[in-house]
Amino acid sequence: MSISAGDRIGSLGKLRLIARLSGGLRLLRATSAGRIAGLTALILILAFLSFYPLSMLLYGSLHSTPPGMAGTFNLAGYQDVLSQQSLIALLNTVGLALAKTIPSLVIAVLLAWILARTDTPFRGTLEVLVTLPFFVPPILTAMAWGMLGNPQVGLLNQLFQWVTGSSVAPINVYSYGGVVWHMMQYSTPFLFLLIVDAFRAMDPSLEEAARMCGASRWRTFRTITLQLMLPALTSAAILSFIRGIENFESPLFFGSPANIRVITTDIYDSINQRSPPQYQYATAVSFVIMMLLFLIVLLQWKLLRGRSFITVSGKGYTPAVIKLGKWRWATFAFCALFFVVMVVLPVGQLLIGSFFKFFGFYQWDMLTLEHYRAVFASSEFWRGFGNTMLLGLIGASLTMVLGGMVAYISVRTKWRGRSLIDAMAWLPWMMPGIVLGVGFLWGFALLPHAIPIYGTIWALLLAYISLGTPLSVRVMSSAYAQLSFDLEECSRVHGASWLQTMRHIMIALAWPSFAVGWVLIFFGIMRELSASVLLYSVGSEVLSVVLLKLWVNGNAEQVSVVGLIMVVLVLLFRWVQLKVIKAHISTL
Amino acid sequence: MRIKTLHAVVIACLVSLALPAHAEDAKGAQGSWDAVVDAAKKEGKVVVYDMALGAPYFLAVLKSFETKYGIPVESLDLRASELSERIRTEQSAGRYLGDVEMITTTMIEEQLQNGDFVQKLPPIPNSANLRPPFRATEFSVPAFVQPMGILINTRRVKDADVPSSWNDLNDPKWKGKILSDDMRPLGSGNTMFAILQHTMGPEFNEKLAEQKPVFSRDMRNDARRVARGEYAIYVPQIFAFTSDLKGLPVKVVIPKEGAPYAEMDLAVLKNSPHPNAARLFIQHFLSMESQLIYANAWMPPVVAGVAERANADAQPFANAKLIGPAKLAERPSMMAAAKKLYP
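Those protein sequence lines, which keep their order, are chains A and R. Each residue of the first sequence is one higher than the one before, counting from 1 in the working numbering. Each residue of the second sequence is one higher than the one before, counting from 589 in the working numbering.
Here is the structure:
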């Protein structure tokens, strides 16, 4: 993965046109006025994506009625937050997020280590397979686990009873355990995707040095590997914890029936199931959550402050693979079991269900292809599909570019205002999607009529960029944090311009992370529901909204068909992504 | 006898005088309605804000409208509370995108209390065909009614145990075996709670709470869960949601006291961008053709002469005894009462 200076200089000629076109960018970089103008533009964009909807929400939390209605300013919303029920919901939220983050992180670290650093067989295939649950919309897995693990007629319970002859039903998904389990379905592959490249990109010479100094394999893993992974692991764990706090589908499906309340379902209830909608309480709760998350982020900064985690340097190395001997089949079995439990069981349940007239009723006379025919003949499905692909492609690209710029300024420069930019990009992560959706809904609706964003597909695009930016910044920051400064300096010493250095060093080396981030954002957009359902309008429906509408209408079978199409898309994208990354890395 | 003959002659004369005038009126009315149809076609489309949740019978009505008039329909399909909030936000921001709304009577009452979100209803010829007790108001006209009964799993509930009264739900044998739409928030569960609070008395709801019903919010899927045998009984089951479950071991029961119902009305939204198309759409929804589609999906029609023409399997539902509807003024107290019984 090393790049020689000769290679870099040799390719400079091909870049003359690009360099000419980028004269403006160089100007921005070269002059302080240009830099200030660039930074101001970036701050304005971020302010529109984060401060604007948040200011609408702050207004909402202090105003007795939503914007546009006569009301008074008071603190009633915050007073309601202090009720016993809200505090229980808050405790449940934090407890469940923590309860799912710890086991998810342990499993994700194991999977990342196995697939990035050992000689486990079929690693490439397994890597694609274990990440699949992340991309499957939660509504689908929830539906499938509701069938597999319900205490009355769940297939797993029936299997247990058939094998043991007992009448006990050991699995009940409608419980705290069920909520945690369903959250893990998503968070384990999410964590894996965030940390696996850090494992892969790590310079093995540090581990080799430890081994040569007599440290055991376990001690090396604990004191070198894990320590070096600390920024990636803490960042990923905190993101996962935050996602746990914001999680909506799992507590809605498995918590609400067992009277387990969390903040997101409370917000949903107060907006959708009370008359009139209690926006003041919903937004006040959101601000409380935001403060909590802000404290967590501060804690993270404090933990990592002053540490250097550079593991990718200008020195060349070959990624080392640890030989596991016969244990490699045990690690293979672990990954395969994870795949079977997290993917084969629920997706298999969906696949079978999609071929029967009624989901869950498996009789020969009910076998049918009518659900496939109905989905493929549905104009709404195709409109949703087209909109989702368009928003996914444009949204993921713009979000990653924005995230890359923010991360670069935040990690690689000493410019004034970089902390502000970083903090602004983080803000949306601290808001549950449903609440950010409300902020944007009000924000777009109250824009001057000359800016007709409300009710268009662009409203969704802006919301998706806002929601995805924190993740893109984190992914790109981790990538940049691992690149030694001497690479940039070396390039400049050899006469490359700033833009050429960016292209050949910063972008080229961060490209795998960019690609991973792009896929995460793309599928984040594909799955996003809570903001979409508030912002879509006639003609701008996206797949997740189409899925929800089908689900609410009781069309579980068509939901399965759409879900399976999405799984196929996931496989296709992951395959292309891995091919592209492999091809690109090999040419570096 | 002479007097009778005289009367007959006078009446005959009056009728003969009146008939040409009536025919003239009808001609004029037809002429002016044709102008509405032409104007609607010129407007090019109609945007309907509804809470049909993609129901096939609603889609069938949209399709029949498009086929008949060649005017495309765009539908924004949301839950009632979301729909009303969406309209409020849009109109507060000066955006008028929708033409017609189809929502519960109480929601329209609430809109009228809080502002001028809907405009006065223009003359709709077919509203003259409404059957009692349904009638158009100054701002809205009934579109259909949505009655609710008890859904049972025919494998888990023996014939002898099939509930015939709402009180039968409180039999101890059903404790822990009832799945229910959540009665605390706005929705069908609370509508049933409120109506039965009046019809059956408060002690009915108190006893029902002791049966520990399990709450859910996915009405369509809940029927499937009962069909799979997860629970023996589901309340409140909207009749129409059972009409497309033929072949599954479920049956909807109409208790002897009657079926609580919610009334869905049509209204024209303020500053509707396609007012003539909106008017034509409402007229079409109240036509015999559209109402029959709803009646065959097991919903009692609001127009006279339709119930009799419904399919045989739909007849018991088309003529079901209705109780209710819930009142807007009582909504907060009923939601509070349900929350008290189900903390």
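Note that CB positions come from ideal geometry on N, CA and C, so glycine has one too. Quantities reported herein were computed from a predicted structural model and do not represent experimental measurements.
The DSSP-derived three-state label of Pro-848(R) is strand. Near chain A, meaning a CB-to-CB distance below 8 Å, the residues of the segment 652 to 676 of chain R are Glu-662, Ser-663, Leu-664, Asp-665, Arg-667, Ser-669, Glu-670, Glu-673 and Arg-676. Secondary structure of Glu-794(R) (DSSP, three-state): helix. For Ala-820(R), same chain residues with a beta-carbon under 8 Å away, outside a window of 5 residues either side, are Ile-740, Asn-741, Arg-744, Val-745, Trp-762, Lys-765, Ile-766 and Val-814 in chain order. By alpha-carbon distance to Ser-663(R), the top candidate from Asn-884(R), Ile-911(R), Gly-682(R) and Ala-866(R) is Ala-866(R). With 16 or more other Cβ atoms inside 10 Å of its own Cβ, Pro-730(R) counts as buried. One thing to note: Phe-356(A) has its Cβ no nearer than 8 Å to the Cβ of Leu-345(A). In the structure shown, Gly-737(R) adopts extended strand secondary structure according to DSSP, grouped into three states. The alpha-carbon separation between Pro-66(A) and Gly-60(A) amounts to approximately 6 Å. When the alpha-carbon of Arg-474(A) is set against those of Val-546(A), Leu-447(A), Thr-399(A) and Val-538(A), the nearest one is in Thr-399(A).
Within the DSSP secondary-structure output, Ala-855(R) pairs in a beta bridge with Glu-689(R) and Ser-728(R). Annotation: Cβ neighbours of Trp-442(A) in chain R (cutoff 8 Å, chain order): Thr-677. When only Cα atoms are considered, Gly-404(A) and Gln-280(A) end up about 35 Å apart. Going by beta carbons, Gln-558(A) and Ala-374(A) fall inside the 8 Å limit. Per DSSP, Ile-521(A) is one residue of the alpha helix (DSSP H) stretching across 508 to 527. Inter-residue distance for Trp-429(A) and Met-887(R) is about 46 Å (C-alpha atoms, whole angstroms). In terms of beta-carbon proximity, Ser-680(R) lines the interface with chain A, with at least one pair separated by less than 8 Å. Under DSSP, Val-823(R) forms a beta bridge with Ser-768(R). Between Lys-651(R) and the set Ile-881(R), Gly-789(R) and Leu-671(R), the nearest pair of CA atoms involves Ile-881(R).
In the DSSP annotation of this structure, Glu-654(R) is not part of any beta strand (DSSP E); the continuous alpha helix (DSSP H) holding it starts and ends at 644 to 657.
Here Glu-896(R) is exposed. Its C-beta has fewer than 16 other C-beta atoms within 10 Å. Comparing C-alpha distances from Gln-734(R) to each of Ala-883(R), Ile-826(R) and Glu-818(R) shows the shortest one belongs to Ile-826(R).
Per DSSP, Lys-927(R) is one residue of the alpha helix (DSSP H) stretching across 919 to 929.
The segment 363 to 406 of chain A contains, as complete alpha helix (DSSP H) runs of 4+ residues, the segments 370 to 376 (chain order).
According to DSSP, residue pairing for Val-475(A) in a beta bridge does not occur.
The beta carbon of Gly-244(A) sits closer than 7 Å to the beta carbons of Leu-96, Ala-97, Lys-100, Thr-101, Met-183 and Ser-187 from its chain, once the five residues preceding and following it are set aside; these are given in chain order. Beta-bridge analysis with DSSP links Leu-910(R) to Ala-847(R). Judged by pairs of C-beta atoms under 8 Å, the segment 386 to 401 of chain A touches the segment 453 to 469 of chain A, as three or more such pairs exist. Secondary structure of Thr-118(A) (DSSP, three-state): strand. Listed in chain order, the positions of the segment 785 to 809 of chain R with a beta carbon within less than 9 Å of a beta carbon of chain A are Val-802, Phe-803, Ser-804, Arg-805, Asp-806, Met-807, Arg-808 and Asn-809.
Annotation: Arg-373(A) has no Cβ neighbours in chain R at a cutoff of 8 Å; minimum Cβ distance is about 15 Å. Between Cys-335(A) and Thr-141(A), the gap from beta carbon to beta carbon reaches 8 Å or more. DSSP places Asp-665(R) outside any alpha helix (DSSP H); the residue lies instead in the beta strand (DSSP E), whose first and last residues are 661 to 665.
In the same chain as Ala-284(A), and ignoring 5 residues on each side of it, the C-beta atoms closer than 6 Å to its own belong to Ser-61, Gly-77, Tyr-78 and Val-81, in chain order. Tyr-362(A) sits away from Arg-412(A), with the two beta carbons spaced by 8 Å or more. Neighbourhood of Ser-537(A) in chain R, by CB distance below 8 Å: Leu-664 and Leu-685, in chain order.
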